[in-house]
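*Asks:* The structure under discussion is supplied below as structure tokens; questions concerning it will follow.
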Amino acid sequence: MGSRFVYVIYIRTTPEKLWDALTNPEFTRQTWGGTHQESDWTEGAAWTLMFADGRAADSGEILEIDRPRKLVLSWRNEFRPELRAEGHARCTYEIETIDGGVKFTVTHESDKDDSELIKAVSNGWPAILSSVKSLLETGDSLAHMRQKRA
Amino acid sequence: MDLVFKALADPTRRVLLDRLFKRNGQTLSELCGGWEMSRQAITKHLAVLEDANLVASVKRGREKLHYLNPVPINEIGERWIGKYERGRLKALADLKRSLENDDG
Chain A
13 MGSRFVYVIY IRTTPEKLWD ALTNPEFTRQ TWGGTHQESD WTEGAAWTLM FADGRAADSG
73 EILEIDRPRK LVLSWRNEFR PELRAEGHAR CTYEIETIDG GVKFTVTHES DKDDSELIKA
133 VSNGWPAILS SVKSLLETGD SLAHMRQKRA
Chain B
1202 MDLVFKALAD PTRRVLLDRL FKRNGQTLSE LCGGWEMSRQ AITKHLAVLE DANLVASVKR
1262 GREKLHYLNP VPINEIGERW IGKYERGRLK ALADLKRSLE NDDG
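Printed below as a string of structure tokens:
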């Protein structure tokens, strides 16, 4: 059966702006606990989420990319051995235009039942999504999401 | 935010969220199991939860899977819970839970 969560947020912005906010290091440092992502953003390219101190937090590969509508990443934790041992999960972004903004859906799933990785990332996503929304709608991210993740 | 509070004001809807919290990704039939409420009534409650964005649904073949979406609840927290209070509130909530051994 596997493990999966689906998070949805509505943001008053355009798909292009949201896409940039999710991939541009300047934005993600503010919304994603000081981390940034490294990738060529092409299908098959490597993808790494980097801590501010240069360690890899998570890594994977771009499985599907259709800017600014859909992104599918394989996703493996790199800094907690017990989570790394679970191997790759999959994370999908879907961005739909709706009246006055976008509907952003994040699906994070693993083939493993009761995946600890899925539990771990599901703690982080609501805060990241709220911070991205705040940044795009008001120009300010949430202060506690600018602080560095250990 | 009105929709979120309205949706959360109903005990049946809170039980539905509790059920999804225990096991995410259930079908309507699964959510209907184990209590005396019509499928129709549950469908209506789920629609209110979806309108408030507290439940996200995904189609899988002919079935619809329901997921608890905690993002609006997080937004309520962001609005009123000071960013520096978060750690302390978590400690208090943990303490309450361990003392009362209660789901809330």
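As they're listed, the protein sequences go chains A and B.
Under my numbering, the first residue of the first sequence is numbered 13, with each subsequent residue one higher.
Under my numbering, the first residue of the second sequence is numbered 1202, with each subsequent residue one higher.
Glycine included, every Cβ here is placed at the ideal spot set by N, Cα and C.
#1: Run through chain B and tell me which residues come within less than 7 angstroms of residue 21 of chain A, C-beta to C-beta.
#2: Among A:104, A:100, A:19, which one has its Cα closest to the Cα of residue 79 of chain A?
#3: Distance cutoff 7 angstroms, beta carbons only. Does residue 1262 of chain B sit that close to anything in chain A?
#4: Check this for me: beta carbons of residue 107 of chain A and residue 37 of chain A, under 7 angstroms apart or not?
#5: Among A:75, A:34, A:77, A:81, whose alpha-carbon lies nearest the alpha-carbon of residue 61 of chain A?
#6: Along chain A, which residues have their Cβ under 9 angstroms away from the Cβ of residue 1234 of chain B?
#7: Across which residues does DSSP place residue 67 of chain A in a beta bridge pair?
#8: How would you write the range of the alpha helix (DSSP H) that residue 1222 of chain B sits in, first residue to last?
#9: Determine, using beta carbons only, whether residue 1224 of chain B and residue 1233 of chain B come nearer to each other than 7 angstroms.
#10: Among residues of its own chain, excluding the 5 on either side of residue 131 of chain A, which ones have a beta-carbon nearer than 7 angstroms to its beta-carbon?
#11: Given a cut-off of 7 angstroms, decide if residue 101 of chain A and residue 122 of chain A are closer than it, judged by their beta-carbon atoms.
#12: When the Cα atoms are used, what is the spatial distance from residue 21 of chain A to residue 84 of chain A?
#13: Which residue from A:54, A:14, A:47, A:17 puts its Cα closest to that of residue 69 of chain A?
#14: Mind checking if residue 1259 of chain B is an interface residue toward chain D, Cβ cutoff 7 angstroms exclusive?
#15: Shorter than 7 angstroms from the beta carbon of residue 1191 of chain B to some beta carbon of chain A?
#16: In terms of alpha-carbon separation, which member of A:64, A:88, A:109 lies closest to residue 133 of chain A?
#17: Quick check on the burial criterion: 16 or more other C-beta atoms within 10 angstroms. Buried or exposed for residue 1254 of chain B?
#18: Starting from residue 113 of chain A, follow the beta strand (DSSP E) in both directions and report where the run begins and ends.
#19: Per DSSP, which one or two residues make a beta bridge with residue 1257 of chain B?
*Replies:* With the structure as the only source:
#1: 1272
#2: Answer by Cα proximity: A:104.
#3: no
#4: Contact flag unset, no.
#5: A:34
#6: Near residue 1234 of chain B there are no residues of chain A at all, since even the closest Cβ is about 17 angstroms away, more than 9 angstroms.
#7: Note: residue 67 of chain A sits in no beta bridge, so no partner.
#8: 1212-1223
#9: no
#10: none
#11: yes
#12: Approximately 18 angstroms between the Cα atoms of the pair.
#13: Among A:54, A:14, A:47, A:17, the Cα nearest to that of residue 69 of chain A is on A:47.
#14: No chain D appears in the structure shown, which is made up of the protein chains A and B.
#15: With chain B covering only 1202 through 1305, there is no way to say anything about residue 1191 of chain B.
#16: A:88
#17: buried
#18: 113-122
#19: B:1268
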